[in-house]
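Chemist: I have a structure here, written as structure tokens, and I will follow up with some questions on it.
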Amino acid sequence: MRIWKRIQWGLMIGICGVVMWVAAPTTAAAEGMAYRELPVGVTVRIDERDTTTVGVEITPGECLRVELLAAGGTGYDWVIDNTALQLLEVKYHTEAPVMHANGLTGGPVRTVFILQAKEGVRGKETVVFSLRRPWEPAGMAAKHVYCDVRVRNGASMPAAAM
Numbered sequence: 010m011r012i013w014k015r016i017q018w019g020l021m022i023g024i025c026g027v028v029m030w031v032a033a034p035t036t037a038a039a040e041g042m043a044y045r046e047l048p049v050g051v052t053v054r055i056d057e058r059d060t061t062t063v064g065v066e067i068t069p070g071e072c073l074r075v076e077l078l079a080a081g082g083t084g085y086d087w088v089i090d091n092t093a094l095q096l097l098e099v100k101y102h103t104e105a106p107v108m109h110a111n112g113l114t115g116g117p118v119r120t121v122f123i124l125q126a127k128e129g130v131r132g133k134e135t136v137v138f139s140l141r142r143p144w145e146p147a148g149m150a151a152k153h154v155y156c157d158v159r160v161r162n163g164a165s166m167p168a169a170a171m
């Protein structure tokens, strides 16, 4: 009787392990795919240069992808200061180390925000990104980037072409 119980438990654990081994990668892949299906119309990349203001135009339902670089391991993260956005909705936010050509990681970290213009809205809104430590107040940010977003009818275009 004891041997039969051990065999039953062994089979149950083995089956659970196989199910988790098969199901886990598909779950993770589905999670990562959600933001890739969003209609990104404009991508803005802010690097180490002294860029503080950028302007873009998008249409309702379209997405804006903002990529910001920061030094890794310093405690500083990019955050959106004005979270009560009227025209835009934050759909995705992630951070990942930047891989260099030599395959080594370290140094810069890329933070990506994807914001989607709400349907049925038009107008202009400024999104304020701050590079700061999470435990410090917003006034102590090391850097601010202001992204002026104009939601309008028609095709999207970078503001430089306006």
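So for the sequence shown, the working numbering puts the first residue at 10; every next one is plus one. Beta carbons: idealized from backbone N, C-alpha and C, even for Gly. Quantities reported herein were computed from a predicted structural model and do not represent experimental measurements.
Please name the residue in R141, L47, P143 and R161 whose C-alpha comes closest to that of K133.
Modeler: Checked all of R141, L47, P143 and R161; the closest Cα to K133 is R161.
Chemist: Please report the Cβ distance between V75 and V53, rounded to the nearest whole angstrom; I am assuming they are in contact, meaning their Cβ atoms lie under 8 Å.
Modeler: Right, the Cβ-Cβ distance comes to about 5 Å (below 8 Å), so this counts as a contact.
Chemist: Could you check if R58 is buried or exposed, using at least 16 other CB atoms within 10 Å of its CB as the buried criterion?
Modeler: Classification for R58: exposed.
Chemist: From N91 to W144, what does the alpha carbon distance come to, in whole angstroms?
Modeler: Cα to Cα, N91 sits roughly 17 Å from W144.
Chemist: For a test of the three-state rule: what should DSSP assign to A150, helix, strand or coil?
Modeler: In the structure shown, A150 sits in coil (DSSP, three-state: anything other than H, G, I, E or B).
Chemist: Beta carbon of V130, beta carbon of L96: below 7 Å?
Modeler: Yes, Cβ-Cβ distance for V130 and L96 is below 7 Å.
Chemist: Express the C-alpha separation of V137 and T62 in angstroms, rounding to a whole number.
Modeler: Rounded to the nearest angstrom, the two C-alpha atoms are 9 Å apart.
Chemist: Rounding to the nearest angstrom, what Cα-Cα distance links V49 and G148 in this structure?
Modeler: Cα to Cα, V49 sits roughly 31 Å from G148.
Chemist: Taking the alpha-carbon positions, what's the A105 to A151 distance?
Modeler: Those two C-alpha atoms are separated by around 20 Å.
Chemist: Given a threshold of 16 other Cβ atoms within 10 Å of its Cβ, counted over all protein chains shown, does R11 qualify as buried or as exposed?
Modeler: By the 10 Å Cβ count, R11 comes out exposed.
Chemist: How would you call E2, buried or exposed, if buried means at least 16 neighbouring beta carbons within 10 angstroms?
Modeler: In the structure as shown, the chain begins at 10 and stops at 171. Residue 2 is therefore absent and cannot be evaluated.
Chemist: Can the beta-carbon of V121 be found less than 7 Å from the beta-carbon of A79?
Modeler: No; because the gap between Cβ atoms is not below 7 Å, this pair is not in contact.
Chemist: Give me the Cα-Cα distance between E71 and T83, rounded to the nearest whole angstrom.
Modeler: If I take the Cα positions, the gap works out to 34 Å.
Chemist: Report the partner residues of Y101 according to the DSSP bridge assignment.
Modeler: Beta-bridge pairing links Y101 to I123.
Chemist: Under three-state DSSP, which class holds E76?
Modeler: Looking at E76 - three-state DSSP - the assignment turns out to be strand.
Chemist: Got a sec? Which residues, its chain only, sit under 8 Å from L94 by beta carbon, not counting five neighbours each side?
Modeler: Once the five neighbours on either side are set aside, the close Cβ partners of L94 are L124, E134 and V136.
Chemist: For L73 and D56, what's the separation of their Cα atoms in angstroms?
Modeler: C-alpha separation (whole angstroms): 17 Å.
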